[in-house]
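In the numbering used here, the protein residues as written are 910 to 1063.
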């Protein structure tokens, strides 16, 4: 009888602790984004290889593209600049850009700041900031970290 009483109290204590202390699954890993645990600082893959670049020109085309398998579709623009010619500018995922109050249309004059890549003789730009008139769209921070990174703290 005493054994059942002790066992019952033990189970009640475990149940009470489980209700008070939420399991890790309920916290949804906030603060880690989509990175594997343990947390590792973000490193821009192109930052060490490429140099900062600012171009000014007219948007000739707005594109949707997928850069890698299993990656969300991204948005890019082709910009005709006087000094670099036609430059492909990678902006970010379509789902993120659709939520911004910023429209890019062919014929608009834009200024793009970012990091340049040379790919098969073609100049490409990973955009950090796009300016059209008085409107500015921030896409990446000083470290190259995307603004759409999950649960990002500013």
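The C-beta atom is built at its ideal place from N, Cα and C for all residues, glycine as well.
What you are looking at is a predicted structure, and each value in this text was computed from that prediction instead of being measured.
message = On the CB-based measure, 16 or more other CB atoms within 10 Å of its CB, does residue 1117 come out buried or exposed?
response = It is not possible to answer for residue 1117, since the shown part of the chain is limited to 910 through 1063.
ask   = What do you reckon, are the CB atoms on residue 984 and residue 1000 nearer than 8 angstroms?
value = Taking the first residue of the chain shown as position 1, residue 984 is located at position 75. Taking the first residue of the chain shown as position 1, residue 1000 is located at position 91. Cβ distance < 8 angstroms, so residue 984 and residue 1000 count as in contact.
ask   = Contact check, residue 1036 vs residue 1023 under 8 angstroms by CB: the rounded distance?
value = Working through the chain shown from its first residue, we reach residue 1036 at position 127. Working through the chain shown from its first residue, we reach residue 1023 at position 114. About 4 angstroms separates the two Cβ atoms, so the contact holds.
ask   = Just reading off the alpha helix (DSSP H) that residue 1007 is part of, what are its end residues?
value = Numbered from 1 along the chain shown, position 98 holds the residue referred to as residue 1007. Residues 1003-1007.
Boundaries of the beta strand (DSSP E) in which residue 967 is found, first to last residue = For this step, residue 967 is matched to residue 58 along the chain shown. Run containing residue 967: 961-974, per the beta strand (DSSP E) assignment.
query = Is it buried or exposed for residue 911, if we count other Cβ within 10 angstroms and need 16 for buried?
reply = Here residue 911 corresponds to residue number 2 of the chain shown, with the count starting at 1. The residue in question, residue 911, is exposed, as its Cβ has fewer than 16 Cβ neighbours within 10 Å.
request  = Quick one: measure Cβ to Cβ for residue 1032 and residue 1019, integer angstroms, because I've assumed they're closer than 8 angstroms.
outcome  = Position 123 of the chain shown holds residue 1032. Position 110 of the chain shown holds residue 1019. Contact doesn't hold; Cβ gap of about 15 angstroms is too wide.
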